[in-house]
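> Take this structure first; my questions come after.
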Amino acid sequence: MKKLLILAVFLGKLALFSQSEKSELRVFTFEEVERLHQQEPKPILVFLYTDWCKICFGMKQNTFKNEEVIRVLNDDFYFIKLNGEEKKDISFLGKKFVFKPSGSKTGTHELAKELGFIDNKISYPTTTILNSKMEIGLQLNNYINSKNMYLVLKKALLQEN
332 MKKLLILAVF LGKLALFSQS EKSELRVFTF EEVERLHQQE PKPILVFLYT
382 DWCKICFGMK QNTFKNEEVI RVLNDDFYFI KLNGEEKKDI SFLGKKFVFK
432 PSGSKTGTHE LAKELGFIDN KISYPTTTIL NSKMEIGLQL NNYINSKNMY
482 LVLKKALLQE N
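According to this note's numbering, the sequence shown holds residues 332 to 492 in order.
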């Protein structure tokens, strides 16, 4: 019985050590990024989504949980998630952006329009990368898998240099 208990404890510890520690993606607000950017300029990735968007949910569950994507975003970017239907006012770059209703229960946040309009329309998800000068450097709409997101991030970093 004693040997069985020792074996169980040993296997339990082995199982704990064999699990790799998962990295967590750091998510910032626009206000935080504006402050941090003054100290350390970096490109900013804004993930524009809505709560009802299934493709957005897929990116949150897959793309933004990939270890390589997390590492690059945490090391070289500021990452912001923006709900396109956010009701709270957001101050960014000296301007106040507000929610604009378009129906009784629908509408779009002004900042989502500013960052997500492609060909005069907005779609979800949209990934927007602002360069270190706070200019839109890239806008991509639709699902981006982790492999392609990693390539997009690396390309954006090359354009910074």
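We treat Cβ as the ideally placed atom computed from N, Cα and C, and that holds for glycine.
Since K478 is in the beta strand (DSSP E), which residue starts that stretch and which ends it?
Element bounds for K478: not the beta strand (DSSP E) but the alpha helix (DSSP H), 477 to 491.
> Pick out whichever of K464, I460, I467 has its Cα sitting closest to the Cα of K485.
Ranking the options by Cα distance to K485, first place goes to I460.
> Would G415 pass as a contact of T381 if the rule is Cβ separation under 9 Å?
Against a cut-off of 9 Å, the Cβ pair of T381 and G415 comes out as a contact.
> So, is I411 buried or exposed, given that buried needs 16 or more other C-beta atoms within 10 angstroms?
Label assigned to I411: buried.
> Tell me whether V400 is buried or exposed, calling it buried when 16 or more other Cβ atoms sit within 10 Å of its Cβ.
V400 is buried by the Cβ-count criterion.
> For the segment 390 to 410 against the segment 427 to 445, are there 3 or more C-beta pairs whose distance is under 8 Å?
They do not touch, by the three-pair rule.
> Starting from G415 and walking both ways along the alpha helix (DSSP H), at which residues does that stretch end?
That residue, G415, is in no alpha helix (DSSP H); it is neither H nor E in DSSP.
> Can you tell me the Cα-Cα spacing of K464 and F361, whole angstroms?
So the alpha carbons of these two residues sit roughly 15 Å apart.
> Which value, in whole angstroms, describes the spacing of the CA atoms of A443 and F359?
Answer to the nearest angstrom: the Cα atoms are 16 Å apart.
> Please state if the CB of L376 and the CB of I453 are separated by a distance shorter than 9 Å.
No; because the gap between Cβ atoms is not below 9 Å, this pair is not in contact.
> What residue range does the alpha helix (DSSP H) around I449 cover?
I449 -> no alpha helix (DSSP H), and no H or E assigned at all.
> Where in the segment 368 to 407 do unbroken runs of the beta strand (DSSP E), each at least 3 residues long, occur, reported from the N-terminal end onward?
Complete beta strand (DSSP E) runs here, min 3: 375 to 380.
> Near Y481, what residues of its chain come up, given a Cβ to Cβ distance below 7 Å and the 5 sequence neighbours on each side ignored?
Within the same chain, Y481 has close Cβ partners E399, V400, V403.
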